[in-house]
Amino acid sequence: MPETTLQPGLVQETRALRPLRIALFGFGTVGSSVARILSESKPDGLQLTHVCNRNVARKRVDWAGPAVEWSEDAEAVLASDADVVVELVGGLDPAGTWVRRALEAGKSVVTANKKLIAFYGVELERLAAAHGGHIKYGAAVAGGIPVIPGIEQGLAGDRIERIEGILNGTCNFILSRMEAGAEYAAVLAAAQANGYAEADPTEDVGGFDARAKLAILMRLALRVAIDPEEIVPRPITEVTAVDFSYARDLGCTIRQVARAQKAVAATVGPMLVDQRSPLAWSRGTENMVVLSGHYGGDVVFSGHGAGGHPTAVAVVSDLLALAHGSRRVEIPSAKASVGAEFEVPHYIRFLVNDRPGIVAEITGALARERINIRAIVQKAGYPPHALPFVVTVEPCKSSALQRALASIRTMDCLLEPPLDLQMLE
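Numbered by this note's numbering, the letters in the sequence shown go through residues 5 to 429 in order.
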């Protein structure tokens, strides 16, 4: 029989006739949810062929199907005939090594690894392009909310000028419970018991998780590639019940907000949010992102940002896009440094051993930096030896306020450093 030679177009068509073979690295909460969707819904064009995990014997499940190969050997899985590697292990190593090896082998990669994409996303996209593959990471920010596809496809024609978002479900769960009257320690314990927070919650409550996600959004939406470590996050651990009480009096609540603007300015931390703002409506583990475009105005993305199933939906959606030939929209970005400041109102809460002249000293320190006071609020019912009160100031630069606060911190009446929170308006 004469040898048949396939034309290039026929080779692509032949490959399109078979499903993409998928190797899943990580079979935890999200990985098992991805496998569940693939096995139950059987999306067209996708076939789970490998699962790689430590101690894989205890992870094996019958419902994934008899054709799945279970392995602890990452090298063997990377060398297999899988077309796509789905990386759901997280962290920079060994996940970064596996992703690079897969891309160098011409495979495509789908990942939910926000830290890897925040620090090395540009490099990995170039590596994928050089070897004929693709890297997709729609699940890396806001879980199952299609923020990244929305930016790449729905908003690519606009000029995004500002990002404001609730990007960490753990912090939103904690702060929305504290808004209802609970104490931080009790809510953190509940979050850990429900699987919303790790045994060491620093990545979440310290703002580092949201910082990585904000860096990704800045590259895609603002088109600036920044070093995530230039964003200094503020922890939510400084917020107490009294701050929610004062916030209510000011018509606000408190949320961990990640915000950035074209200037380039960026910050992550607890902030006062007006009760009329969409960001104040987010409860529990929900995420929300508000993108402000020059032409299209504000666009709000909202939904379940955490949990196995919502994140798995984003992963499988990326896989389906690959199976059906959808490519990422190439959005160019330029290297930039976070150097600009936000000029916004601030909420400053003091806890003092009361004595005459305290307000005069505080107002004098603010006046020396040309910062105008908006309001002074003091609730009744607190003892004079541990008196909390709040000063709100008109929009000012953060650097000027920090100079004023440095002077105020030398006052002998302070029982703890003042708590300074930006106010979103």
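For every residue, glycine included, the Cβ atom is placed at its ideal position computed from N, Cα and C.
Residue 358 to residue 368, Cα distance in whole Å?
Approximately 17 Å between the Cα atoms of the pair.
Is the beta carbon of residue 263 sitting closer than 9 Å to the one on residue 398?
no
Given residue 156, which residues of its chain have a CB within under 8 Å of its CB, disregarding the five upstream and five downstream residues?
224, 332, 333, 335
If you scan the region 94 to 152 from start to end, which runs of the beta strand (DSSP E) of 3 or more residues do you find wholly inside it?
112 to 115
Pick helix, strand or coil for residue 299, following the three-state DSSP scheme.
Residue 299 falls in the coil class under three-state DSSP.
Provide the residue span of the beta strand (DSSP E) that contains residue 256, from first to last.
256 to 265
In angstroms, rounded to a whole number, what distance separates the CA positions of residue 204 and residue 119?
17 Å
For chain C, find out if any of its Cβ atoms is closer than 9 Å to the Cβ of residue 141; answer yes or no.
Looking at the structure shown, chain C is missing, and only one protein chain is on hand.
So, at 7 Å on beta carbons, what are the nonlocal neighbours of residue 105 in its own chain, with the 5 sequence-adjacent residues on each side left out?
82
How do the region 263 to 274 and the region 131 to 138 stand: do at least 3 beta-carbon pairs fall below 8 Å, yes or no?
no
Beta strand (DSSP E) containing residue 414: first to last residue?
Residue 414 -> no beta strand (DSSP E), and no H or E assigned at all.
Is the distance from the Cβ of residue 122 to the Cβ of residue 58 below 9 Å?
no
In chain order, what residues of the same chain lie with their CB nearer than 6 Å to the CB of residue 213, ignoring the 5 residues before and after it?
172, 207
Near residue 296, which residues of its chain fall below 6 Å by C-beta distance, leaving aside the five closest residues on each side in sequence?
165, 166, 302
Does the distance from the CB of residue 101 to the CB of residue 143 come in under 9 Å?
no
Taking one C-beta from the region 35 to 46 and one from the region 311 to 320 each time, how about it: are there three or more such pairs within less than 8 Å?
yes
Give the C-beta separation of residue 24 and residue 327 to the nearest angstrom, bearing in mind that I take them to be a contact with Cβ-Cβ under 8 Å.
Sure, about 5 Å apart at Cβ, within 8 Å.
Buried or exposed, going by whether 16 or more other CB atoms sit within 10 Å of the CB of residue 304?
exposed
Compare the C-alpha of residue 459 against each of 37, 35, 22 and name the closest.
Look at the range of the chain in this structure, 5 to 429, and you will see that residue 459 is not part of it.
Specify, as a first and last residue, the run of the alpha helix (DSSP H) that residue 181 falls within.
Counting along the chain, the alpha helix (DSSP H) containing residue 181 begins and ends at 173 to 183.
I want to know whether the region 373 to 388 touches the region 228 to 244 - three or more CB-CB distances under 8 Å.
no
So what's residue 154 in DSSP terms, helix, strand or just coil?
helix
Looking at residue 255: is its Cβ nearer than 9 Å to the Cβ of residue 279?
yes
Taking the continuous alpha helix (DSSP H) assigned at residue 206, which residues delimit it?
206 to 209
Assuming residue 347 and residue 403 are in contact, meaning their beta carbons sit under 8 Å apart, how far apart are those beta carbons, in whole angstroms?
About 10 Å separates the Cβ atoms of residue 347 and residue 403, ruling out a contact at the 8 Å cut-off.
Whole angstroms are fine: how far does the CA of residue 162 sit from the CA of residue 154?
12 Å
Given residue 298, which residues of its chain have a CB within under 8 Å of its CB, disregarding the five upstream and five downstream residues?
If we look at residue 298 and ignore the five residues flanking it on each side, its Cβ neighbours are 162, 163, 164, 165.
Between which residues of its own chain and residue 195 is the CB-CB distance below 7 Å, once the five residues before and five after are set aside?
174, 177, 178, 201
Strictly by DSSP, which residues pair up with residue 236?
For residue 236, which the question treats as bridged, DSSP gives no partner whatsoever.
With residue 277 as the anchor, note down where its beta strand (DSSP E) starts and where it stops.
269 to 278
Buried or exposed for residue 426, going by 16 or more other Cβ atoms inside 10 Å?
buried
Just list the alpha helix (DSSP H) runs in the region 39 to 83, keeping only unbroken ones of 4 residues or longer that don't cross its boundaries, in chain order.
78 to 82
As a quick exercise: from 355, 88, 361, 412, pick the residue whose alpha carbon is nearest that of residue 387.
355
What runs of the alpha helix (DSSP H), each 4 residues or longer, lie entirely inside the region 324 to 391?
362 to 372
Helix, strand or coil: how does DSSP classify residue 169 here?
Assignment of residue 169 by DSSP, reduced to helix, strand and coil, places it in the strand class.
Tell me residue 294's beta-bridge partners as DSSP assigns them.
168, 304
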